[in-house]
Amino acid sequence: MKITTWLKNIFTEHSTLFILITPLIIIALVTDLLDDTLTERIVITMFINLILVLGLQLFMGNGGTLNFAHIGFMGIGAYASVIFSMTPQAKSIGLPDLYPIFNPIQLPFLMALLLGGLIAAFCAAIISFPLMRLSDAAAVITSFALLVIIHVVLVHWDNITAGPQTLFGVDRYTDLWMSVIWGIGFIILAYWFKESSIGLKLRASRDDRYAAATIGINMVIVRWVAFTLSAFMAGIAGGLWAHFITSFSPKAFYLTETFVILAMLVVGGPGGVSGAVVGTLIVSIVREGLRTIESAINIGQLLPSTLVGFAEVFLAIALIVILIFRPGGIMGGREIRWLKKRPLSQKNEDGTNTTIS
Amino acid sequence: MFSLDFLINALSLGSLYALIALGLVIVYGILKLVNFAYGELIMVGGYALFMLGNLPALPWLVMALIAVTIAMLTSYLTERVAFRPVREKSLTAILITSFAVSTLLQNAALLIVSSRSRAVQFPAIFSGSVRLGNVDIANRNILVIVTSTLLLIALTLLLKRTILGIALRAAADKFQMTRMLGVPANLIISVAFVISGLLAGVVSLFWIGRVGSVTPTIGLSPLLIAFVATVIGGMNSLEGAVVGGYLYGFLFSIISLILPQNLLDYREALMFSIVILILLFKPEGLIRGTYSGERVG
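Taken in order, these protein sequences are the chains called Y and R. Counting in the numbering used here, the final residue of the first sequence is number 365, and the numbers go up one at a time with none missing. Counting in the numbering used here, the final residue of the second sequence is number 300, and the numbers go up one at a time with none missing.
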């Protein structure tokens with residue numbers, strides 16, 4: 009189905025998109041008007057995290073398998089886009105061991121960003137094809153193994169990265185509206201994917217893999233497409249983040265960030281795009297609030313020692329509580345919409361209605 | 004190349020890895036939970052040892068026993084508080100819970116102690132060595148080998164000779180069936196977590212004995228080792244975990260010996276590539292337990 013016909017129905021059948029996007033635009037407008045560096049920083053980070061969460065939702069929510077490698081592809085996207093966007097002079101300082109062939113290349117930011125996303129997607133497509141046949145514990149361990157492998161490679165392959173050191177000298181291209189536009193674009197993409205034929209097949213295989221197989225769904229291919237697309241989104245998020253933060257090391261793309269993104273998705277509810285958006289918003293706000301408290305305590309020296317890890321402890325506890333009492337997340341896998349989607353109902357022989365939603 | 008020195012080293016590494024792997028698999032076998040918080044139990048043991056070291060002189064063995072007990076208690080508590088309520092929900096839910104518990108414990112250590120590493124005191128016997136023929140063998144290595152052998156024998160006796168052990172093995176084989184025969188599920192799962200904590204506690208003594216200090220993130224490496232070892236050996240059998248642990252210990256020693264320096268950095272990546280390949284082509288590992296459908300295509 010065409011994305012344009014979907015957008016036409018944005019006020020009626022697909023009101024979800026409208027309801028999700030409007031508050032985000034308002035947040036962006038307010039931030040723009042406030043013109044406060046700290047607020048802008050928080051909002052840009054939130055939008056980049058939103059892209060990551062949407063990407064994770066696309067594979068994990070629709071496919072039902074946990075994916076730990078997501079942040080690894082963010083790292084690939086970050087380093088790949090940086091190589092193509094930095095000036096040759098900056099590269100000779102920031103990336104002294106870079107393969108000489110890349111040194112003179114400098115592309116406009118958007119091209120570098122897209123290339124970063126595509127390289128991440130390409131890596132994912134090649135690596136993941138054989139892995140998509142695994143499920144359950146084996147799938148989880150392989151995705152975890154993949155994250156470790158990507159991390160080790162980023163840390164040691166100093167012809168591409170700056171090694172374990174922090175990479176400096178990236179120009180700042182990502183501004184507020186850049187992150188907002190990509191964020192909103194990916195909300196539409198994630199929603200469209202979920203409702204598309206391939207998304208529907210993926211969700212069917214998540215709910216019952218044997219039933220899905222009997223109606224001719226090739227689970228491996230369907231998952232593979234979702235994984236690749238999800239890695240593309242992670243790669244773009246990585247590129248945006250790299251050109252926002254301007255100096256980073258491979259440590260940024262490891263377990264800490266994985267936990268935050270996973271927490272956002274699980275708190276909101278992995279089953280739907282609304283869950284991804286709501287979870288990102290809530291966790292971002294709570295996290296910033298906790299950080300403010302943390303730094304206020306540290307600056308005021310209210311405690312004998314500095315307080316670190318307080319926000320993460322709180323987030324971990326919140327995550328466990330959500331999983332215990334509301335395992336489907338806040339949204340429970342449903343989408344927000346104001347018009348009830350017209351159920352496709354059919355009359356059964358005994359006069360009852362069967363609803364297919 | 005395969006000198007006595009090398010063999011003892013590899014054997015001690017293998018013994019340690021076998022204990023690490025066994026602690027992970029004993030829970031996995033029953034709950035099908037890959038416990039990401041397992042590494043943090045080792046960290047908890049280490050911090051317990053560090054804090055006890057600050058107290059006025061206790062015999063080291065007593066301190067070690069208390070540290071192991073604390074690791075067991077932590078393991079039990081994570082089961083009671085976090086894993087039990089989500090157990091029935093879904094595999095993904097319980098996996099994310101274990102990831103959350105891992106982050107929780109790590110950051111609690113950050114919050115309570117510090118991110119900087121803390122030196123842990125060990126008795127002189129740990130650092131000494133004995134002369135055997137013409138090679139020096141570190142006492143620590145001998146201690147690891149002896150302790151793990153004794154522990155494995157004790158566990159084997161527990162699992163094969165006692166009713167509790169038989170119930171544990173039955174639960175690992177077919178959990179639902181075991182419950183139907185009247186074995187209380189909660190008890191069995193708690194026992195599995197306690198044994199897992201015991202192994203983590205003992206591992207922490209030797210792991211931190213090698214490094215000499217403890218940090219909040221110290222649990223990651225043993226966790227990764229447990230993954231590799233269990234996948235090599237076979238995730239669905241306890242014997243597999245032990246075999247996988249020893250095998251990985253030897254493999255690791257050999258790789259460290261023959262790989263050139265610039266490739267040595269990628270050692271971890273290499274081991275994990277092997278893990279992925281095994282899961283793809285021989286998902287049951289070397290020792291085949293009950294096979295659960297992990298492949299869909």
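Heads up, the beta-carbon is just placed ideally off N, CA and C, and yes, glycines get one too. These figures come from a predicted structure and were not determined experimentally.
| request: Apply the 10 Å Cβ neighbour rule to Ala128/Y and answer buried if 16 or more other Cβ atoms are within range, or exposed otherwise. | output: buried
| said: So with CB distances below 9 angstroms, who are the chain Y contacts of Met238/R? | reply: Ala145, Ala146, Ile149
| For a contact meaning CB atoms closer than 7 angstroms, what does Thr106/R contact in chain Y? | Phe267, Glu320, Ala324
| To the nearest whole angstrom, what separates the beta carbons of Arg182/R and Ala188/R, a pair I think is in contact under 8 angstroms? | 5 angstroms
| To which residues of the same chain is Asn12/R closer than 8 angstroms at the C-beta, ignoring the five residues directly before and after it? | Asn144, Ser256
| request: Verify whether the separation of the beta carbon atoms of Tyr262/Y and Ile79/Y is less than 9 angstroms. | output: yes
| query | By how many angstroms is the C-alpha of Ala120/Y removed from the C-alpha of Leu94/R? | reply | 39 angstroms
| request: Check the Cβ-Cβ distances between Pro263/R and every residue of chain Y, and say whether any is below 9 angstroms. | output: no
| query | Using a C-beta to C-beta distance shorter than 7 angstroms, which residues of chain Y count as neighbours of Ala272/R? | reply | Ile157, Val160, Val161
| Which two residues bound the contiguous alpha helix (DSSP H) that contains Val206/R? | 188-214
| Can you list the residues of chain Y that Ser276/R reaches, using a CB-CB cut of under 9 angstroms? | Ala153, Ile157
| query | Which residues in the same chain as Ser15/R place their Cβ atom closer than 7 angstroms to its Cβ, once the five residues preceding and following it in sequence are excluded? | reply | Asn144, Val147, Ile148
| query | Hey, Val82/R and Phe178/R are a contact pair by Cβ (cut 8 angstroms); roughly how many whole angstroms apart? | reply | Before going further, note that residue 82/R is Glu rather than Val in the sequence given. Not quite, the Cβ-Cβ distance comes to about 15 angstroms (not below 8 angstroms), so this is no contact.
| message | Which residue wins for smallest C-alpha separation from Tyr79/R, given the options Leu161/R, Gly131/R, Leu190/R? | response | Leu190/R
| task | Scan the stretch 199-223 of chain R for residues whose Cβ lies nearer than 7 angstroms to a Cβ of chain Y and list them as they occur along the chain. | result | none
| task | Output, in sequence order along the chain, the residues in the stretch 63-78 of chain Y whose CB is closer than 9 angstroms to any CB in chain R. | result | Met68, Gly72, Thr73, Leu74, Phe76
| task | Examine chain R for any beta-carbon lying closer than 9 angstroms to the beta-carbon of Ile332/Y, and answer yes or no. | result | yes
| said: Using beta carbons (cut-off 9 angstroms, strictly below), is Ser78/R in contact with chain Y? | reply: no
| How should Tyr294/R be labelled, buried or exposed, when 16 other C-beta atoms within 10 angstroms of its C-beta is the threshold for buried? | Model confidence at Tyr294/R stands at a pLDDT of 48, short of 50, so the residue's coordinates are unreliable and nothing is read from them.
| Are any of the Cβ atoms in chain Y nearer than 9 angstroms to that of Pro59/R? | no
| task | Classify Ile73/R as helix, strand or coil using the three-state DSSP reduction. | result | helix
| Does DSSP put Phe39/R in a helix, in a strand, or in coil? | coil
| In terms of alpha-carbon separation, which member of Ile135/Y, Gly317/Y, Leu184/Y lies closest to Ile50/Y? | Leu184/Y
| said: Measuring CB atoms only, is the stretch 283-293 of chain Y touching the stretch 114-129 of chain R, in the sense that at least three cross pairs come out at less than 8 angstroms? | reply: no
| query | Just how far apart, CA to CA, sit Val38/Y and Ile134/Y? | reply | 42 angstroms
| request: Give the residues of chain R in contact with Gly124/Y, contact being defined as C-beta atoms less than 8 angstroms apart. | output: The contacting residues do not exist; Gly124/Y stays about 22 angstroms from chain R at best.
| query | Nearest CA to the CA of Gly297/Y: which residue from Ile33/Y, Phe322/Y, Leu311/Y, Ile328/Y? | reply | Phe322/Y
| task | Within its chain, find whatever has a CB closer than 7 angstroms to the CB of Ala122/R; leave out the 5 residues flanking it on each side and keep chain order. | result | Gly215, Ser216
| query | When burial is assigned at 16 or more other CB atoms within 10 Å of the CB, is Pro112/Y buried or exposed? | reply | exposed
| task | Quick one: grab the DSSP three-state call for Ala170/Y. | result | coil
| request: State the DSSP-derived secondary structure class of Asp139/R, mapped to helix, strand or coil. | output: strand
| query | Of all Cβ atoms in chain Y, is any one closer than 9 angstroms to the Cβ of Val246/R? | reply | no
| message | Taking the alpha-carbon of Ala85/R as reference, which of Gly247/R, Ser101/R, Val246/R, Ser259/R has the nearest alpha-carbon? | response | Ser101/R
| Same chain, Cβ closer than 6 angstroms to Ser18/R, neighbours up to 5 away in sequence not counted | Val147, Ile148, Ser151
| field | Min CB distance Gln124/R to chain Y below 9 angstroms | value | no
| query | Whose Cβ in chain R lies nearer than 9 angstroms to the Cβ of Gly280/Y? | reply | Chain R residues near Gly280/Y: none, gap ~15 angstroms exceeds 9 angstroms.
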